[in-house]
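J.:
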Amino acid sequence: MAISFVRTAGLLGVSTGLLVGCSPGMPDEPATSTATGAITLGGHLAGITDADFAEARDNFNLGESIDDGVGPVFNETACGNCHTNGAQGGAGEQIERRFGRVNNGVFSTLANEGGSLRQLKTLGTFTNGTRTCTVPLERDPADSTVHAGRLTTPLFGLGLVDAMPDSFFTGLVAAEPAQVRGTVKTAAVLIPNPVDRSQRIGTVRVARFGWKADISNLATFAADAYKNEMGITTQHCFQGTSITSFATESAPQGVPMPLGCDDLAPPQPAGNGVPAGTDDAVGSCAGGLTELQEDIQNFINFMTFLAPPEKDNSDPVAANAGATVFNQVGCNGCHVTTTFRTPNPAPNGVPGGLAFNPFSDFAVHDMGTLGDGINDGDTVAVTRRMRTAPLWGIRFRNHLLHDGRTSDIATAIKAHDGQGATAAAAFTARNATDQHNLIQFVRSL
Ligand code: HEC
Ligand code: HEC
1 MAISFVRTAG
11 LLGVSTGLLV
21 GCSPGMPDEP
31 ATSTATGAIT
41 LGGHLAGITD
51 ADFAEARDNF
61 NLGESIDDGV
71 GPVFNETACG
81 NCHTNGAQGG
91 AGEQIERRFG
101 RVNNGVFSTL
111 ANEGGSLRQL
121 KTLGTFTNGT
131 RTCTVPLERD
141 PADSTVHAGR
151 LTTPLFGLGL
161 VDAMPDSFFT
171 GLVAAEPAQV
181 RGTVKTAAVL
191 IPNPVDRSQR
201 IGTVRVARFG
211 WKADISNLAT
221 FAADAYKNEM
231 GITTQHCFQG
241 TSITSFATES
251 APQGVPMPLG
261 CDDLAPPQPA
271 GNGVPAGTDD
281 AVGSCAGGLT
291 ELQEDIQNFI
301 NFMTFLAPPE
311 KDNSDPVAAN
321 AGATVFNQVG
331 CNGCHVTTTF
341 RTPNPAPNGV
351 PGGLAFNPFS
361 DFAVHDMGTL
371 GDGINDGDTV
381 AVTRRMRTAP
391 LWGIRFRNHL
401 LHDGRTSDIA
411 TAIKAHDGQG
421 ATAAAAFTAR
431 NATDQHNLIQ
441 FVRSL
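Its first residue numbered 1, the sequence shown is counted upward by one per residue in the numbering used here.
1. Apply the 10 Å Cβ neighbour rule to Q179 and answer buried if 16 or more other Cβ atoms are within range, or exposed otherwise.
2. Would you check if the distance between the CB atom of P72 and the CB atom of C331 is smaller than 9 Å?
3. Is F427 near T388, with beta carbons less than 9 Å apart?
4. The beta strand (DSSP E) spanning D366 covers which residue range?
5. Using a 10 Å radius around the Cβ and a threshold of 16 neighbouring Cβ atoms, would you call Q419 buried or exposed?
6. Can you list, in chain order, the residues of its chain with a C-beta nearer than 6 Å to that of T64? Leave out the 5 residues immediately preceding and following it.
7. Check whether the Cβ of F326 lies closer than 8 Å to any heavy atom of ligand 2, and answer yes or no.
8. Tell me which residue opens and which closes the alpha helix (DSSP H) that T170 is part of.
9. Taking 9 Å as the threshold (C-beta atoms), are S167 and G100 in contact?
10. Please check the pair L117 and A87, which I expect to be a contact at CB under 8 Å, by giving their CB distance rounded to whole angstroms.
11. Grouping DSSP H, G and I as helix and E and B as strand, with all else coil, what is D295?
12. From R205 to A432, what distance separates their C-alpha atoms?
13. Please report the distance separating the alpha-carbon of T248 from that of G271.
14. By DSSP, does G92 sit in helix, in strand, or in coil?
15. Tell me which same chain residues have a C-beta within less than 7 Å of the C-beta of D434, skipping the five on either side of it?
16. Does any heavy atom of ligand 1 sit closer than 8 Å to the C-beta of G92?
17. DSSP three-state call for R181: helix, strand or coil?
18. Alpha carbon to alpha carbon, how far is F209 from C22? Give it in angstroms, no decimals.
19. Taking the straight line between their C-alpha atoms, what separation do you get for S444 and E310?
20. Using the beta-carbon of each residue, find all residues closer than 5 Å to any heavy atom of ligand 1 and list them in chain order.
21. Would you check whether ligand 2 has a heavy atom nearer than 8 Å to the C-beta of I243?
22. Does the Cβ of M164 lie closer than 8 Å to at least one heavy atom of ligand 2?
23. Going by DSSP, name the residue or residues bridged to T127.
24. Would you kindly work out how many angstroms separate the C-alpha atoms of N344 and V195, rounded to a whole number?
25. For the alpha helix (DSSP H) that Q440 lies in, which residues bound it at each end?
26. CA-CA distance, G283 and Q94?
27. Taking G47 as the reference, which of L289, V102, N301 has the closest Cα?
28. Measure from the alpha carbon of N316 to the alpha carbon of each residue in G393, V442, D378, N193, then state which is nearest.
29. Between the Cα of G105 and the Cα atoms of T383, H402, G404, R395, which residue gives the shortest distance?
30. So what does DSSP say about D280, is it helix, strand or coil?
31. At what residues does the beta strand (DSSP E) containing R385 begin and finish?
32. Quick check: is any heavy atom of ligand 2 less than 8 Å from the C-beta of P309?
33. Which residues share a DSSP beta bridge with T379?
34. When DSSP builds the beta bridges, which residues end up paired with A355?
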């Protein structure tokens with residue numbers, strides 16, 4: 001076969017040692033986090049055994065091939081090839097590409113031309129039996145007018161965020177100063193987490209995940225990423241209902257590949273009710289079956305129990321002074337300093353009553369020129385809204401902002417526009433000591 005998939009984690013993996021500047025935040029530093037005690041970055045919360053977590057993480061890191069269903073177009077061959085900074089599950093180097101067009105003031109994803117996500121890789125030309133298949137490499141179409149990059153975000157602690165009730169987020173935003181107040185987004189759960197009894201297919205929940213806060217639970221994100229990042233399509237069963245939301249292969253440039261030219265995964269057995277081309281399926285949901293496809297279940301297990309980053313206490317004097325500046329210049333209007341606490345018991349099995357501080361309201365704000373201009377079917381003003389980026393663990397990152405345009409915290413702050421412009425100007429107006437202290441505070445989170 002002409003195509004060989006090689007795991008590239010070694011090339012893409014960035015160790016904390018590459019982070020220059022302040023402290024590298026090694027796990028042997030004193031634990032200051034009230035949230036977790038000392039859990040090494042990449043370690044797990046209570047609620048899962050070491051063995052089950054290791055199995056889930058291995059699945060997250062597993063490189064897959066055309067024979068497993070990778071393709072027809074894709075960005076990478078393993079979740080763990082992108083989510084690498086600091087430890088597996090971290091942020092990453094990859095900047096994905098999105099495109100679209102504004103028609104009469106409204107954003108269109110140009111879905112008929114393969115948008116808004118432009119996958120960066122293609123299976124290219126390969127043979128399936130006697131047949132020769134050629135999958136085109138996607139390009140930004142000639143009529144696209146909006147082009148945006150999307151950096152890989154870190155997954156540490158997101159199981160705790162997934163556990164939070166909607167009312168918590170609406171309460172946070174209601175308490176924000178009017179000039180910076182965010183908008184809480186909601187979205188239907190497409191794949192319920194079977195452990196969380198509050199979730200059904202179609203349950204509307206606060207959408208808290210992704211740069212645009214478009215996705216309302218980790219289970220749905222897992223299947224979405226498996227399809228859109230890796231080209232692997234899945235089918236699931238929930239209480240007897242077959243879920244096929246992520247079972248249809250991507251159509252390169254908007255044109256579906258003929259069956260057999262999507263990838264080389266074996267066809268699903270006839271008569272199990274799954275769309276042609278589905279790579280991994282549970283099959284019949286008879287008897288009220290609830291079962292997620294096993295890779296997806298492993299990704300959920302890994303992300304649910306992946307511990308949040310510990311705080312770093314290596315420069316406490318500057319960080320303490322910086323905490324005051326952070327509030328004075330209004331960063332906390334969006335990057336809220338509120339302590340989150342998981343419900344007890346937590347619906348998804350993470351520890352109940354656990355305190356944590358992500359420094360985000362998980363709501364979207366109008367960021368003016370910093371906004372990426374992408375949002376299906378929305379006005380241009382709405383396309384400027386971005387989710388407040390959680391600041392915890394930022395010292396493990398080497399790219400910042402949605403398009404990864406900088407690695408420098410001060411530069412990232414100064415790029416805040418729209419509802420963030422006043423805070424950015426207040427930061428810029430501070431003297432060098434205040435600015436340094438604020439950055440040390442941000443790096444300690
Ligand atoms: C090609 C690189 C790449 C691969 C492979 C990849 N991701 Fe991601 N991941 C990203 C990017 C980029 C984002 C930000 C997407 C956005 O919001 O537009 C992201 C965001 C996420 C988020 C949202 C986190 C948050 O901040 O709310 C989750 C959850 C996630 N990925 C899970 C997965 C899982 C599970 C897999 C494997 C099935 C996977 N990813 C594979 C690049 C990747
Ligand atoms: C109006 C809400 C708002 C205010 C006020 C605000 N931010 Fe942000 N911040 C955001 C949003 C939204 C993003 C994501 C922007 C993007 O990349 O598109 C962000 C991103 C960041 C990032 C980059 C994080 C990453 O993951 O790449 C840093 C660092 C940051 N903010 C620090 C600050 C600091 C420090 C202040 C105070 C000077 C501040 N912010 C004020 C909303 C806000």
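All C-beta atoms in this analysis are idealised placements derived from N, C-alpha and C, irrespective of residue type, glycine included. Values in this document were obtained by computation on a predicted structure and should not be read as measured data.
T.: With the structure as the only source:
1. exposed
2. no
3. no
4. 364 to 366
5. buried
6. Residue 64 is actually Glu in this sequence, not Thr. The residues are V70, T77.
7. yes
8. 166 to 174
9. no
10. That pair is no contact at about 26 Å.
11. helix
12. 43 Å
13. 17 Å
14. coil
15. V325
16. yes
17. coil
18. With a pLDDT of 35 at C22, under the threshold of 50, the modelled position of that residue is not reliable, and no figure is offered here.
19. 9 Å
20. N75, E76, C79, C82, Q94, E96, R150, T152, T153, F209, G210, W211, F221, A222, A225, Y226, E229, F299
21. no
22. no
23. T132
24. 15 Å
25. 432 to 444
26. 34 Å
27. N301
28. The sequence shown places Pro at residue 316, not Asn. Taking only the C-alpha atoms, the option nearest P316 is V442.
29. T383
30. strand
31. 385 to 387
32. no
33. V106
34. R341
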